[in-house]
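Colleague:
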Amino acid sequence: MRVYTRCMTDASDLPCVCVAVRKASRRITTLYDAAVAPAGITLAQFSLLKNIRRHGPVSLTRLSDIVELDRSTLGRNVRVLERLGLVQLETGADQREARVQLSDDGEAALDRAMPLWRAAQTRINDKLGPGRAAELTALLSAL
């Protein structure tokens, strides 16, 4: 019987990646939420509005795939945007599927938020430095 020696550090000795990413995510989300708040929306709403603008009119099923959210969670988030007057829902070619698109107010909110979001992006990139910001994005994408 062969005995293999351990060449790698035991994973339990390493910092928990999940905890580190969750902490960083909360801090970054707070920063971006504060940045886009003057536009009257949250970061999550900004992201959803951006994706609706990019892909809309789009079915909720397709949008849930794009933003990687459960269909029911996405539906609840879109209903909030609809109540705020930022999106419009319409029946798709298949009567069972709703399609969503930005309303004029949604377009305006997104236009107000975009420079605020860009300023937050710049602050993060300046803090990390361009090489490290790109590296962080690549590392997170690998997950």
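Counted the way the numbering used here counts, the sequence shown spans residues 4 to 146. We put the beta carbon where it would ideally sit given N, CA and C, even for glycine.
1) Can you name, in chain order, every residue of its own chain whose Cβ lies under 6 angstroms from the Cβ of proline 60, other than the five neighbours on each side?
2) Please determine if the segment 78 to 95 and the segment 106 to 117 are in contact, where contact requires at least 3 C-beta pairs separated by less than 8 angstroms.
3) So what's leucine 72 in DSSP terms, helix, strand or just coil?
4) Could you tell me how far apart the beta carbons of isoleucine 44 and alanine 116 are, in whole angstroms, since I believe they sit closer than 8 angstroms?
5) For alanine 37 and alanine 47, I'd like the C-alpha separation in whole angstroms.
6) Please report how far the alpha carbon of alanine 40 lies from the alpha carbon of aspartate 16, in whole angstroms.
7) Quick check on DSSP: helix, strand or coil for serine 15?
8) Considering just the uninterrupted stretch of the alpha helix (DSSP H) at glutamate 138, what are its terminal residues?
9) Between serine 67 and leucine 77, is the Cβ-Cβ spacing less than 8 angstroms?
10) Work out the CA separation of alanine 96 and lysine 26 for me, nearest whole Å.
11) Return yes when the Cβ of leucine 113 is within less than 8 angstroms of the Cβ of leucine 52, no when it is not.
Modeller: Based on what the coordinates show:
1) Arg102, Gln104
2) yes
3) coil
4) 6 angstroms
5) 12 angstroms
6) 40 angstroms
7) helix
8) 133 to 145
9) yes
10) 43 angstroms
11) yes
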